[in-house]
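The structure appears below as structure tokens.
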Amino acid sequence: MGFVELKNIDLSYDGSKYILKDLNLTIEKGELVSLLGPSGCGKTTTLRIIAGLINPNSGSFIVDGENLTNVPVHKRNFGMVFQSYALFPHMTVFDNVAFGLKNRKMDKNTIKEKVGRILEVTDLSQFAGRFPKQMSGGQRQRVALARALVVEPKLLLLDEPLSNLDAKLRISMRTEIKRIQQKLGITTVFVTHDQEECFSISDKVAVMNNGDIEQYDTPENIYKYPSTEFVARFIGFDNFFNVEKANYHNYKDIFGHQFVIDYEDSRTQAVATIRPDDIQVVPEDSNMNSIKGIVDVRTFLGDSYQYEIKTELGKINVNHKSEKPYQQGDAVYLLMPSNKIILV
Amino acid sequence: MKLKRNTMLLLLPGTVLLILFLFLPLLSILFPTFFNEAFTIGKYVEFFKDSYNLGILWRTFKISMIVTIICVILGVPTAYFMSLTSKRTRSLLLAVTLFPLLTNSVIRSFAWITILGKNGVLNSFLLSLNIIKEPVGLLYSEFAIIIGTVYLFLPILITTVLGVLDNIDGDLIEAAQTLGANYFKSFTKVILPLCIPGILVGSMLVFTGTLTAYTTPQMLGGNKNMMLATMLYQEASALGNWTNAGVIALIMIVVTLLVMQIFNIIANQFDKRGEDENA
Amino acid sequence: MRKKNIWLTLMASIVFIFLIIPLFIVVVTAFGESPSIQFPIKGFSLQWFGEVFKTKSFMRGMKTSLFISIWATVASIIIGVPAAYALARGTVKRRALLKNVFLSPTFVPGIVIGFALFQFLTIKLQMKIITSLFLGHFLISLPYIIRVVGSSLEHFDFSIEEAAWTLGCTKTKSFVKVVLPNISSGIFASFMLAFINSFNNIPVSMFLSGPGVQTLPIALMNHIEYNYDPTVSAMSVMLMLCTILLMWVIEKTLGLATIA
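In structure tokens:
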């Protein structure tokens, strides 16, 4: 049994349209798990159910063997960082951070000591007397994190905490979050719609779609072997086409082109897919994993060219680096390496 | 869910008080107007048959209309002027506008008695200039009601329109000017159409305010120039005819709601055109 | 700053003169020596201000008005703020309808409210006039609270409240410690507006006057009907000074623009 368990969670506001349907998720102690998905997939809702801000219609939520399904939000002892940071505008940084400790009726000296320590960890000591309005986005973000961490929560919940920061700060903050999370060994749930951000810091990723988890695995496995077409598309796969098993590792498309795939798959019918980056453009046909096409549209991406190529299988998108770009109308051969092509 | 029940609980005391002390009393004055042993609209038919009543109804409408038009003509340019001034001047002018608004309407009507009365400021001024030979009776007339009510409601129109003008993107005027519109045109073609919803809201407040005004018609109109509110008071307290007062009360409520609805419908039309869907 | 047109300036000037002159005249007439109102005044005297304090109906009216307006506004805040919060929190069904119920006193003409309360509460239910007067003023104050506090709650980020919950604060405690401090200026603004409106109200109080119970505006109005003398001007000047004081307080705390 995992440290955190969501079991058969259903959520619907009107009884017919389900926002979450039979959702299950297990998180081990000390893990950082991301909920990844497009807006409206139910990832924030799942986080809010974990936090206790929303009650599910059915299902149960267990942390460390304790059933918390009906425990109200203020008794759960989790730390949460909101997308808007949700700092108390009328309190100083110190009072913001001390808020949770005061609710736990701790004595003044203990509060002072604990707040001081967490402000040091988050590099905020010199801002203790400031109000949130007097601080930059990155600083506010750290206050929100400090406020959530100081209560030594069983779980840390992060709701798109980086989405309001600029690109550069986002990268340094996510490293910061990972560093603190590892140092404190705190089990963390992180909600995001940004694939790169999510892969960079997560131990495990749950890709969500339509109120359910489509795939739950390590970032590496999801990146290499997405299990469904939705997940594949979401993490950058393109060029989907139907194939049929010929024998062992060999597959055929409907036009008879042959494809070899490196790993074993038991299905006889499947959809093959490959990232635009992984397709090679070659001048000659090889009899395996290759297909003929004509360059239709070319766009310049900086370090490479993106081609839309017309083939028997329809349009295939390819990113290709070359000194001399192909022109519209050029006939080319596309090679899809057996270790890059996958079945979903 | 639990949260919902708690939220409903917060609305309960107010709702109960409103039902007990507003809706119930209203029902109790309106009920007798429809029941004389059996259901009847006789009282209303009677009301609308009487030319005296119709005269008052017409006067109320006429004065409301005139006051609204005057307020718009005076108020919109004034609000526009305020929106163009520096921050400092503007807050001073805002104070000048708000001061009468926050001053008791008895005092404001009293000021106009002092000005318009037989021995008032205006008469003695005109007499001293030999423009008139003897004092003119300006007070206790429709004219006095109109000027007093304009004085009452002009600040409301100004502040409402000013609020809308403040939300207009300054770039729009500059955009209009880069496209060759001159000063006057950028006002009539760009600013004015954009603040029409504000003008409508302001007009609605002025119109319904005048329609139901009591103090000013009472103090400046005299007994000869009754309006709906003063008539209601007279029916109920001087004549003791509570059923008739109830009839007038319902007419006032219905007319007010109707006017609000009409203004809202028109304003919504403009809103759809003038504003972002997701703004 | 953009260029201003000469005609626009002229017109606006006339409007501002129109707004200020009548009240200016009232102020001047308070300082005359003659027992009837004159403008311009002859002589200079402060005796009419002394008269104000000797006029029993004014003094009693002032007491009644302050008592009614303050308590009616306080009551409307106690009832209205939680209601505005519930309406803004958005978990309520039929929100638009409920909001209209709470705003309904603005859809009913003041004179009708006064008449209905007088007839039902005072005559039928035999309540004291002062009770009906208080309830009437409570009713007309409530919409101000709902509107103004409601609009400051619209700008309130409710995740701040949720953050307090996650940090171990109960809902009631979070409301007091986190929500209230952040809408306090809205509550203050609504208090000022409702108070001024209630203090100045006439139509609602018109029916709800009786022996010993009369608000100041009604007392003033009755006084003018029988005695057209500078005492009224003096009383007006004093009330205007109070208005200026209130405006100054509002300007210093919230900015006048917030109540415009």
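Residue numbers (the numbering used here), protein chains in the order written: chain B, 51 to 394; chain W, 23 to 301; chain U, 29 to 288.
For glycine and all other residues, C-beta sits at the position ideal for the given N, C-alpha and C.
Helix or strand or just coil, what does DSSP make of residue 222 (chain B)?
Assignment of residue 222 (chain B) by DSSP, reduced to helix, strand and coil, places it in the helix class.
Which residues of chain W have a Cβ atom closer than 8 Å to the Cβ of residue 202 (chain U), listed in chain order?
What residue 202 (chain U) touches in chain W: nothing, since even the nearest Cβ is about 13 Å away.
Per-residue burial, residue 298 (chain W) [other beta carbons within 10 Å of its own, 16 or more giving buried]:
Any reading at residue 298 (chain W) is ruled out, since the residue's pLDDT is 49, under 50, leaving its predicted position unreliable.
Beta-bridge pairing of residue 279 (chain U) - partner residues as DSSP gives them:
Within the DSSP secondary-structure output, residue 279 (chain U) pairs in no beta bridge.
Start-to-end residues for the alpha helix (DSSP H) that takes in residue 198 (chain B):
Per DSSP, residue 198 (chain B) belongs to the alpha helix (DSSP H) from 187-199.
Mind listing which residues of the stretch 84-110 of chain U have their C-beta closer than 7 Å to chain W's C-betas, in chain order?
For the stretch 84-110 of chain U, which is checked against every Cβ of chain W, the residues closer than 7 Å are 107, 108 and 110.
Other residues of its chain near residue 107 (chain B): CB distance less than 7 Å, five sequence neighbours each side excluded:
Here residue 107 (chain B) has 60, 61 and 62 as same chain residues with Cβ atoms under 7 Å from its own Cβ, once five neighbours each way along the sequence are excluded.
Quickly, what does DSSP pair residue 108 (chain B) with across the bridge? List them, please.
Note: residue 108 (chain B) sits in a beta bridge opposite B:60.
Simplified DSSP assignment, three categories, for residue 30 (chain W):
Residue state, collapsed to three classes: helix.
Figure out for me which residue from W:236, W:217, W:207 and W:67 has the closest Cα to the Cα of residue 250 (chain W).
Ranking W:236, W:217, W:207 and W:67 by Cα distance to residue 250 (chain W) puts W:236 first.
Nonlocal neighbours in the same chain, by C-beta distance under 8 Å from residue 225 (chain W), ignoring five residues either side:
Result list for residue 225 (chain W): 90, 93, 94, 179 and 285, in chain order.
Would residue 309 (chain B) pass as a contact of residue 320 (chain B) if the rule is Cβ separation under 8 Å?
Inclusion of residue 309 (chain B) and residue 320 (chain B) in the CB contact set at 8 Å is not warranted, their separation being larger than that value.
Ordered along the chain, which non-local residues of its own chain (more than five positions away) have a Cβ less than 7 Å from that of residue 134 (chain U)?
Excluding positions up to five away in sequence, the list reads 171.
Mapping the DSSP letters down to three states, classify residue 66 (chain U) as helix, strand or coil.
Correct three-state label for residue 66 (chain U): coil.
Cβ of residue 243 (chain B) within 8 Å of any chain U Cβ
Not closer than 8 Å to any Cβ of chain U, the Cβ of residue 243 (chain B) fails to qualify, so no.
Would you verify that the beta carbon of residue 234 (chain U) is, or is not, closer than 8 Å to some beta carbon of chain W?
Interface residue (Cβ-Cβ distance to chain W less than 8 Å): residue 234 (chain U) is classified as such.
Could you check if residue 183 (chain U) is buried or exposed, using at least 16 other CB atoms within 10 Å of its CB as the buried criterion?
So residue 183 (chain U) ends up on the exposed side.
Using 8 Å as the cut-off, can you tell me whether the stretch 205-216 of chain W makes contact with the stretch 273-280 of chain W, which would need three or more C-beta pairs spanning the two stretches below that distance?
Because the criterion of three Cβ pairs below 8 Å is not met, the stretch 205-216 of chain W and the stretch 273-280 of chain W do not touch.
Check the Cβ of residue 106 (chain B) against every Cβ in chain U and list those closer than 9 Å, keeping chain order.
None at all; the shortest Cβ gap to chain U is about 16 Å.
For residue 113 (chain W), which residues in chain U fall below 9 Å Cβ to Cβ?
What residue 113 (chain W) touches in chain U: 279, 283, 284 and 285.
Counted within 10 angstroms of its Cβ, other Cβ atoms place residue 140 (chain W) as buried (16 or more) or exposed:
Flag for residue 140 (chain W) reads exposed.
Roughly how many angstroms lie between the CA atoms of residue 175 (chain W) and residue 227 (chain W), to the nearest whole one?
Looking at the two C-alpha atoms, the distance is approximately 8 Å.
In or out: residue 132 (chain B) buried (at least 16 other Cβ within 10 Å) or exposed?
Burial call: buried.
Report the start-end ranges of each alpha helix (DSSP H) in the stretch 232-294 of chain B that is 4 residues or longer and not cut off at the edges.
Secondary structure in the stretch 232-294 of chain B: the alpha helix (DSSP H) runs of 4 residues or longer, each lying completely within the stretch, are 245-251, 269-274 and 279-284 in chain order.
Looking at residue 122 (chain U): is its Cβ nearer than 8 Å to the Cβ of residue 242 (chain U)?
For residue 122 (chain U) and residue 242 (chain U), no; Cβs fall outside 8 Å.
Taking its Cβ as the centre, do 16 or more other Cβ atoms sit within 10 Å of residue 100 (chain B), making it buried, or is it exposed?
With 16 or more other Cβ atoms inside 10 Å of its own Cβ, residue 100 (chain B) counts as buried.
How about residue 48 (chain W): is its C-beta nearer than 8 Å to some C-beta of chain U?
The beta carbon of residue 48 (chain W) sits closer than 8 Å to some beta carbon of chain U.
Sub-8 Å separation of residue 83 (chain B) and residue 254 (chain B) beta-carbons:
Less than 8 Å separates the beta-carbon of residue 83 (chain B) from that of residue 254 (chain B).
Determine which residues of the stretch 140-158 of chain B have a Cβ less than 8 Å from any Cβ of chain U, and write them out in chain order.
If you check each beta-carbon in the stretch 140-158 of chain B against every beta-carbon of chain U, the ones closer than 8 Å belong to 140, 149, 150, 153 and 154.
Start-to-end residues for the alpha helix (DSSP H) that takes in residue 68 (chain W)
Residue 68 (chain W) -> alpha helix (DSSP H) spans 64-71.
Proximity of residue 91 (chain B) and residue 259 (chain B) at Cβ, strictly below 8 Å:
Annotated as proximal: residue 91 (chain B) and residue 259 (chain B), with beta-carbon spacing under 8 Å.
Do residue 52 (chain B) and residue 78 (chain B) have their C-beta atoms closer together than 8 Å?
A Cβ-Cβ contact shorter than 8 Å links residue 52 (chain B) with residue 78 (chain B).
Run down chain U in chain order and give the residues with a C-beta less than 7 Å from the C-beta of residue 134 (chain B).
Chain U residues near residue 134 (chain B): 185 and 187.
Residue 279 (chain U) to residue 181 (chain W) span [Cα, whole Å]:
Taking the straight line from one Cα to the other gives about 16 Å.
Just how far apart, CA to CA, sit residue 169 (chain B) and residue 178 (chain B)?
For the pair residue 169 (chain B) and residue 178 (chain B), the Cα-to-Cα distance works out to about 8 Å.
For residue 257 (chain W), the nearest candidate out of W:287, W:62 and W:69 (CA to CA):
Comparing Cα positions, the closest option is W:69.
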